[in-house]
Amino acid sequence: MQQPQSLEYKHLITIKAGKPKGSTKEALKVDPDKVRRLSLSEQELAKAAVSHSAELIRFTQKNMLRIYPKGVRINSSNYNPFIGWIHGAQMVAFNMQGYGRSLWLMHGFYRANGGCGYVKKPDFLMKTGPNNEVFDPKAELPVKTKLKVKVYMGDGWHLDFKQTHFDQYSPPDFYTRVGIAGVPADSVMKKTKAIEDNWAPCWNEEFEFPLTAPEIALLRVEVHEYDMSEKDDFGGQTVLPISELRPGIRAVPLFDYKGNKFKSVKLLMRFEFV
């Protein structure tokens, strides 16, 4: 039998789930007396992010927002999770069997906080200004910090791959792509030159990334083997939370296309905040 006093606390421990009925703007209205969980498809989120960005963030400051892949993704592909994250969505559902860059971002995002599976929402997504304004992901914001990334060299491919995996007749021609995933102003990709015929390439190239929202940004690293006549071959990847990076020279392990760590493949890199 339910105790009378338990009804008083029911709204604190029970979050009612639902899908939007009527307009998205109506669904995003905040009820000060109730906490709700709203589910939006990736298409609904994309539309709301354009027309109701502020309402999305205000909603997620008091309620739970779940995003899920559109139903036509029958090949288990995924969408860009950052559209949900930068609007405060607490649950960004994915096809975890859908390998590729979107899932790499998901893996990297949850390497934060010891890889426990929980990442605290940045404070800027919870704050309101004096005129009740909230964070605007598309606004031109001041640069908070600059990240310098130097890629010295890489090694280990000769131990984890067959000698003919990348090229039938010669050693591989590796290059590295380095960039940022985050708010639109911070998102960018750059790349080193390709080093020809070398299993242990030395690039010694440095890149600088101005960051307006480093609290939620990720460092993306990919290695590819240049192929003049066909599509470039994949050589490894990793995604690291900017908030977890520590200055200095680091041996950075790389992961395969499915997100499994290679036994031997690593990059020697240096990180510096200025």
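Note that UniProt numbering gives residue 7 to position 7 of the sequence shown, counting from 1, and the numbers run on in steps of one. Beta carbons are placed, not taken as given, at the ideal position from N, Cα and C, and that holds for glycine.
Since residue i and residue j are thought to touch, with beta carbons under 8 angstroms apart, how far apart are those beta carbons, to the nearest angstrom?
i: residue 37; j: residue 66; result: 6 angstroms
Taking residue i as the reference, which of the options has the closest Cα?
i: residue 132; options: 175, 54, 155; result: 54
i: residue 25; options: 17, 44, 13; result: 44
i: residue 105; options: 82, 152, 88, 86; result: 82
i: residue 262; options: 170, 129, 234, 248; result: 234
i: residue 267; options: 89, 64, 155; result: 155
i: residue 139; options: 86, 174, 152; result: 86
i: residue 175; options: 259, 195, 168; result: 195
i: residue 198; options: 169, 115, 184; result: 169
i: residue 123; options: 113, 115, 135, 264; result: 135
i: residue 42; options: 115, 229, 84; result: 84
i: residue 166; options: 9, 78, 77, 236; result: 236
i: residue 208; options: 187, 114, 28; result: 187
i: residue 146; options: 32, 215, 117; result: 215
i: residue 33; options: 23, 9, 49, 51; result: 9
i: residue 269; options: 220, 260, 52, 92; result: 220
i: residue 150; options: 117, 119, 49, 202; result: 202
Distance, Cα to Cα, residue i vs residue j?
i: residue 161; j: residue 252; result: 18 angstroms
i: residue 107; j: residue 191; result: 22 angstroms
i: residue 16; j: residue 64; result: 10 angstroms
i: residue 179; j: residue 247; result: 17 angstroms
i: residue 206; j: residue 14; result: 51 angstroms
i: residue 227; j: residue 173; result: 8 angstroms
i: residue 126; j: residue 137; result: 13 angstroms
i: residue 152; j: residue 204; result: 4 angstroms
i: residue 35; j: residue 256; result: 41 angstroms
i: residue 184; j: residue 80; result: 12 angstroms
i: residue 72; j: residue 158; result: 40 angstroms
i: residue 189; j: residue 177; result: 7 angstroms
i: residue 164; j: residue 274; result: 42 angstroms
i: residue 21; j: residue 114; result: 39 angstroms
i: residue 101; j: residue 30; result: 34 angstroms
Does the separation of the CB atoms of residue i and residue j fall below 8 angstroms?
i: residue 143; j: residue 240; result: no
i: residue 39; j: residue 62; result: no
i: residue 272; j: residue 121; result: no
i: residue 109; j: residue 218; result: yes
i: residue 258; j: residue 99; result: yes
i: residue 254; j: residue 223; result: yes
i: residue 90; j: residue 60; result: yes
i: residue 213; j: residue 141; result: yes
Can you list, in chain order, the stretches of the alpha helix (DSSP H) that have 4 or more residues and sit fully within the UniProt domain "PI-PLC Y-box" (39-125)? 42-51, 53-62, 82-85, 101-109
Go through the UniProt domain "C2" (127-256) residue by residue and report every complete run of the alpha helix (DSSP H) that reaches 4 residues or more, in order. 157-160
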